[in-house]
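Just below is one structure, and these are the notes that go with it.
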Amino acid sequence: MAYSDLVPVGTSLIIGATCFALGTIYGNLPYDLNTLWVKDESGQAFSRSLAHYLVWANTPPYVHHVLHGVIFLGMVGCFIKLYKPKEDSKYFEYGTLGLIVFATVIYLTNLRTGINSCFVGDWGEVDMPTGINVMAASQVMMVVILVGVLVLQGGLYYAEWYDAKLKAAFFAEEARLAGLQSDAKAPIAEAEAEATAEVDAGASTAVKNDKAKKRKSKKQ
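Sequence positions in the sequence shown follow our numbering and run 23 to 242.
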């Protein structure tokens, strides 16, 4: 299998991991919406959000490892595409890797810490509502970053498609011009061939006439 055959696999891993992460964040949106964007005087929205994140914290470890495995696959996709990057697209790939690493850092430092705080009930120097909102705001940042990954990959796909389209049009035009030139040269070549044939025929006739004259002179 050639390296060019693995590049689409890397792209699929990146997009798949990004969409999976966005779907995970979307599952938290109904709770974060009422704490971060809507003013809650009663405090019930924070209680519901806390209960939701407690369910996430108390899930079996393999549930969390599924998310971690998907993140790892996304990074593997980045490294596949960065193994032999094209000169005109390598900055797209470096940008994609940087954004995924940035989103992963936010997840590990803010979300994982917040989930552990929900579990143990210790929020450090802030209260519970502030900690919940930090988690919600961190996910908003992650959405912006992950959408940026999709934009970079989509922009790269469009750039490669447009470049291939321009090259195909250029080579088609070159082939058309080459065909026109060969068609224009064909009559000239035929005329030259006919002229050469006539000259050769005339020379051959002259030689034959000379030989005939010599034979006649010898007989006399």
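Every residue, glycine too, gets a C-beta built ideally from N, C-alpha and C.
Checklist line | Selected residue, minimal CA-CA separation from residue 103, among 186, 200, 187 and 26 | finding: Per the Cα distances, 26.
Could you check whether residue 58 and residue 155 sit closer than 8 Å to each other, using their CB atoms as the reference points?
Contact: yes.
- prompt: Does the beta carbon of residue 64 fall short of 7 Å from some heavy atom of the ligand SAM?
  reply: This structure does not include the ligand SAM; it has no bound ligands of any sort.
In the DSSP assignment, find the unbroken alpha helix (DSSP H) run with residue 5 in it and report its ends.
-> The first residue shown for the chain is 23 and the last is 242, placing residue 5 beyond what the model contains.
DSSP three-state label for residue 152, please.
Reduced to three states, the DSSP call for residue 152 is helix.
Less than 6 Å between C-beta atoms, sequence neighbours within five positions excluded: which residues of the same chain meet that for residue 90? If we look at residue 90 and ignore the five residues flanking it on each side, it has no Cβ neighbours.
To which residues of the same chain is residue 178 closer than 6 Å at the C-beta, ignoring the five residues directly before and after it?
-> If we look at residue 178 and ignore the five residues flanking it on each side, its Cβ neighbours are 111 and 114.
Straight-line CA distance for residue 100 to residue 167?
Cα to Cα, the separation comes out at about 15 Å.
Among 123, 79 and 23, which one has its Cα closest to the Cα of residue 139? Nearest option by C-alpha distance: 79.
- Supposed contact pair residue 118 and residue 36 - C-beta distance, whole angstroms, cut 8 Å: With a Cβ gap of about 6 Å, residue 36 and residue 118 count as contacting.
- Query: In or out: residue 66 buried (at least 16 other Cβ within 10 Å) or exposed?
  - Reply: Exposed, by the Cβ-count rule.
Original post:
Which runs of the alpha helix (DSSP H) fall wholly inside the region 100-180 and span at least 4 residues, in chain order?
Top reply: List check, alpha helix (DSSP H) in window: 112-128 and 134-142.
Could you check the C-alpha separation between residue 251 and residue 184 for me, to the nearest Å?
Residue 251 falls outside the range modelled here, since the chain spans only 23 to 242, and no answer is possible.
Along the chain, where does the alpha helix (DSSP H) that runs through residue 59 open and close?
Residue 59 -> no alpha helix (DSSP H), and no H or E assigned at all.
| field | Helix, strand or coil at residue 4 [DSSP, three-state] | value | Here the chain comprises residues numbered 23 to 242, so residue 4 is not present and cannot be evaluated.
Looking only at its own chain, which residues have a Cβ that is under 6 Å from the Cβ of residue 174, when we skip the five neighbours before and after it?
-> Cβ within range, chain order: 114, 117 and 118.
Worksheet item: Cα-Cα, which of 94, 84, 151 and 60 is closest to residue 69?
Response: If we check each option's Cα against that of residue 69, 151 comes out closest.
Within a Cβ cutoff of 6 Å, which residues of the same chain sit near residue 60, ignoring the five residues on either side of it in sequence? Closer than 6 Å at Cβ, skipping near neighbours: no residue.
Cβ neighbour criterion (16 or more within 10 Å) applied to residue 161 = By the 10 Å Cβ count, residue 161 comes out buried.
* To do: Kindly indicate which residue of 47, 71, 149 and 32 has the alpha-carbon position closest to the one of residue 169.
  => Ranking 47, 71, 149 and 32 by Cα distance to residue 169 puts 47 first.
Margin query: Just to check my reading of the structure: residue 40 and residue 172 have Cβ atoms closer than 8 Å, yes? What is that Cβ distance to the nearest angstrom?
Written below: Distance from residue 40 to residue 172 at the Cβ level is roughly 6 Å; contact confirmed, criterion being Cβ atoms closer than 8 Å.
Item to complete: Leaving aside the five residues before and after residue 124 along the sequence, list all residues of the same chain whose C-beta is less than 7 Å from its C-beta, in chain order.
Response: Answer for residue 124: 167, listed in chain order.
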